[in-house]
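Novice:
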Amino acid sequence: MNSDQRKALFFLVLNVAIWSILAFSGFVIYLSGVMSTLYVVSCAGCLLWVGLMCFFPFSKRFRSKTKHLIDERELMITHRCIFAGYIGIWLYFIAVSIILWFIVGPDGSIPIGAFPALLYVAMGIFSIINSIAALILYRDDKDQIEGGTA
Amino acid sequence: MSWIKSQKQRVVIIISIALILCSFLLIPLSQKAENFPHDIWSNLIFIMLMAGGGGIGAVIGLQMMSRRRISSTTSNIHTNRLKKKAWTDFWVICISSVVGPLFYGFMTYADIKGAQGATYLIMCLASVGLAAGFLIFLNAGKQKYPVHAFDEREFHLIHKAINISNTIFICYTLLVVTSAFYIIGGRGTVPMWSIPVALFSGLFVAGTAQFLVLMHYAREDEKDMDMGPVGGGNE
Chain C
59 MNSDQRKALF FLVLNVAIWS ILAFSGFVIY LSGVMSTLYV VSCAGCLLWV
109 GLMCFFPFSK RFRSKTKHLI DERELMITHR CIFAGYIGIW LYFIAVSIIL
159 WFIVGPDGSI PIGAFPALLY VAMGIFSIIN SIAALILYRD DKDQIEGGTA
Chain H
156 MSWIKSQKQR VVIIISIALI LCSFLLIPLS QKAENFPHDI WSNLIFIMLM
206 AGGGGIGAVI GLQMMSRRRI SSTTSNIHTN RLKKKAWTDF WVICISSVVG
256 PLFYGFMTYA DIKGAQGATY LIMCLASVGL AAGFLIFLNA GKQKYPVHAF
306 DEREFHLIHK AINISNTIFI CYTLLVVTSA FYIIGGRGTV PMWSIPVALF
356 SGLFVAGTAQ FLVLMHYARE DEKDMDMGPV GGGNE
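Those sequence lines, one after another, are chains C and H.
Counting in this note's numbering, the first sequence runs from 59 upward without gaps.
Counting in this note's numbering, the second sequence runs from 156 upward without gaps.
1) Which residue from H/T322, H/K315, H/F258 puts its Cα closest to that of C/F184?
2) Just to check my reading of the structure: H/N318 and C/F141 have Cβ atoms closer than 8 Å, yes? What is that Cβ distance to the nearest angstrom?
3) How about H/A364: is its Cβ closer than 6 Å to a heavy atom in the ligand MG?
4) Quick check on this structure: which residue in C/I170, C/W77, C/G91 has the alpha carbon closest to the alpha carbon of H/I339?
5) Cβ atoms of C/L177 and H/V345: under 7 Å apart, would you say?
6) Do C/I76 and C/V98 come within 7 Å of each other at the CB atom, strictly closer than that value?
7) DSSP three-state call for H/I339: helix, strand or coil?
8) Can you list the residues of chain C that H/H311 reaches, using a CB-CB cut of under 9 Å?
9) Applying the 10 Å Cβ sphere with the 16-neighbour rule, what's the burial state of H/K378?
10) Kindly indicate if chain C contains any beta-carbon less than 7 Å away from that of H/V352.
11) I'd like the span of the alpha helix (DSSP H) that includes C/I79, first residue to last.
12) Just to confirm the assignment, what range does the beta strand (DSSP E) spanning C/I168 have?
13) On the three-state DSSP scale, how would you describe H/S346?
14) So, at 8 Å on beta carbons, what are the nonlocal neighbours of C/C104 in its own chain, with the 5 sequence-adjacent residues on each side left out?
15) With DSSP as the reference, label C/P174 as helix, strand or coil.
16) Please go through the same chain and pick out, in chain order, the residues whose beta-carbon is closer than 8 Å to the beta-carbon of C/C112, but skip the five residues on each side of it.
17) For my contact list, C/I168 and C/V162 are in at a C-beta cut-off of 8 Å; report their separation, rounded to the angstrom.
18) Determine, for H/T263, whether the minimum Cβ-Cβ distance to residues of chain C falls below 7 Å.
19) Rounded to whole angstroms, what is the Cα-Cα separation between H/A373 and H/L237?
20) Between the Cα of C/R131 and those of H/L367, H/H311, H/T263, H/T328, spot the shortest distance and give me the residue it belongs to.
21) Which of helix, strand or coil does DSSP assign to C/W151?
22) Run down chain C in chain order and give the residues with a C-beta less than 8 Å from the C-beta of H/H371.
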C-alpha cells in the first residue's frame with residue numbers, strides 16, 4: 059500500500075466517521091425528541107475534533123515519511139478519481155431533484171436552509187467516492203503490474 | 156506553521172477553521188433572531204453539517220492543492236478530433252438544456268393541473284435516467300484509453316476539460332446557493348421548480364466551459380503545428 063492509498067484510506071475512514079456521527083446524532087435526536095443546547099454543542103464539538111484530524115496528513119512528520127514524486131500514472135489515477143467524484147455529485151444532485159419533486163410536489167417549496175446542507179452532503183459524497191476510487195484504481199493498477207511482470 | 160506546505164494551504168486552513176467556528180455562532184443567533192425557527196433540534200443537522208462540511212471542504216481544498224500539476228502535452232496531428240468532440244458535446248448540451256427544461260415544465264404543468272399519469276411517467280423516466288447514470292458511473296472507473304477514438308494525450312486533455320467544467324459547476328452551485336441565501340433570506344423558501352431549473356442551467360454552464368477549454372487546447376495545438384515540430388518556422 060503506497061502513501062496515496064494510505065491517504066485515501068485515512069480520508070475514507072475519517073469521512074465515514076464524520077457522517078456516522080451526523081447520522082447517529084440525527085437518529086438519536088429524532089428518537090428522543092428532546093433537544094438541548096448542550097447536546098448540540100457536544101455533537102458539533104465532537105465533529106470539530108474529528109474534522110481537525112483531516113489536517114494530520116499534512117503534518118511535517120507524515121509528509122517527510124511519504125514524500126515522493128508523482129508520475130504520469132498517478133496523475134491519471136488522480137484525474138480519474140476526481141472524475142468519479144464529480145459523476146457521483148451529478149447523480150446526487152439529479153437524485154435530490156427527483157426525490158424533492160416527489161416529496162414536496164411540483165407546486166411546493168423548500169426552506170432555503172436546506173440548500174447549504176445539501177451542498178455539504180455533496181462535498182462528503184465527493185470526498186468518499188474520491189477515496190474509494192483511489193483505493194480501487196491503485197489496487198487494479200497493482201494487480202495489472204503484478205500480472206504483467208509475472 | 157512549518158508543517159503547512161504553502162501559503163495557499165494556510166489560507167484554506169484558516170478559512171475552514173473560521174467557518175467551523177462560525178457554525179457555533181448560529182446557536183445563540185438563532186435564539187435572538189425574530190421569526191427564526193427556534194426549534195433548535197430542527198437546526199441541529201444544519202449546524203453539524205456546517206461543522207462537518209467545513210472540515211471536509213478543507214480536506215478537498217488541501218488535497219487538490221497538494222497535488223503536483225504536470226502538463227506534458229506534446230503536439231500531434233489529431234487536433235481536429237478534439238475540436239469535433241468539443242462541438243459535438245456542446246450541441247448535445249445545448250439540445251439537453253432546451254429539451255430538458257421544456258419537458259420538465261410541461262410535466263410540472265400537467266401534474267399541477269391534475270394529470271396523474273405525468274407523475275408516473277416522470278417516475279419511470281427518472282428511474283431509467285438514474286440507472287443509466289449509475290451504469291455510466293461504473294463504466295467510468297473501468298474506462299481505459301479508447302485507442303480507436305482518442306490517444307492518451309487527447310484523453311488526458313478531455314479529462315482535464317471535464318474536471319475544469321465540473322469545478323465550474325460546483326462554483327456555480329455555490330454562487331447560486333449563496334445568492335439565494337442573501338436575496339431571499341435565511342427564513343425564506345424556494346419554489347420546487349427552481350431546483351431542476353438551476354440544475355439545467357448548471358449543466359449548460361458546465362458544458363459551455365468544457366467546450367471553451369477544449370477549443371482552447373485545440374487552438375494551442377494548431378498553433379504548435381503551424382510553428383513546426385522543432386519549435387520554430389525559421390529554419
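We put the CB at the ideal spot given by N, CA and C, even for glycine.
Specialist: Taking the coordinates as given:
1) Closest by alpha carbon: H/T322.
2) Right, the Cβ-Cβ distance comes to about 6 Å (below 8 Å), so this counts as a contact.
3) The ligand MG is absent from the structure shown, which contains no ligands of any kind.
4) Of the residues C/I170, C/W77, C/G91, the one whose Cα lies closest to the Cα of H/I339 is C/I170.
5) Inclusion of H/V345 and C/L177 in the CB contact set at 7 Å is not warranted, their separation being larger than that value.
6) The answer is no: Cβ separation not under 7 Å.
7) When DSSP states are grouped into helix, strand and coil, H/I339 belongs to the helix group.
8) Around H/H311, the beta-carbon contacts reaching into chain C at under 9 Å are E130, L133, M134, H137.
9) Looking at its Cβ environment, which holds fewer than 16 other Cβ atoms inside 10 Å, H/K378 is exposed.
10) Not one chain C Cβ lies under 7 Å of H/V352.
11) Secondary structure note for C/I79: its alpha helix (DSSP H) is the uninterrupted segment 61 to 90.
12) Judged by DSSP secondary structure, C/I168 falls within the beta strand (DSSP E) whose first and last residues are 167 to 169.
13) Per the sequence presented here, residue 346 of chain H reads as Pro, with Ser not at that position. If DSSP states are grouped into helix, strand and coil, H/P346 belongs with the strands.
14) If we look at C/C104 and ignore the five residues flanking it on each side, its Cβ neighbours are I79.
15) Residue state, collapsed to three classes: helix.
16) Cβ within range, chain order: F69, L72.
17) At roughly 6 Å, the Cβ-Cβ gap stays under 8 Å, so C/I168 and C/V162 are in contact.
18) By the rule that beta-carbons nearer than 7 Å mark a contact, H/T263 touches chain C.
19) Looking at the two C-alpha atoms, the distance is approximately 6 Å.
20) Checked all of H/L367, H/H311, H/T263, H/T328; the closest Cα to C/R131 is H/H311.
21) It should be pointed out that residue 151 of chain C corresponds to Phe in this sequence rather than to Trp. C/F151: helix per DSSP, three-state reduction.
22) Annotation: H/H371 has no Cβ neighbours in chain C at a cutoff of 8 Å; minimum Cβ distance is about 18 Å.
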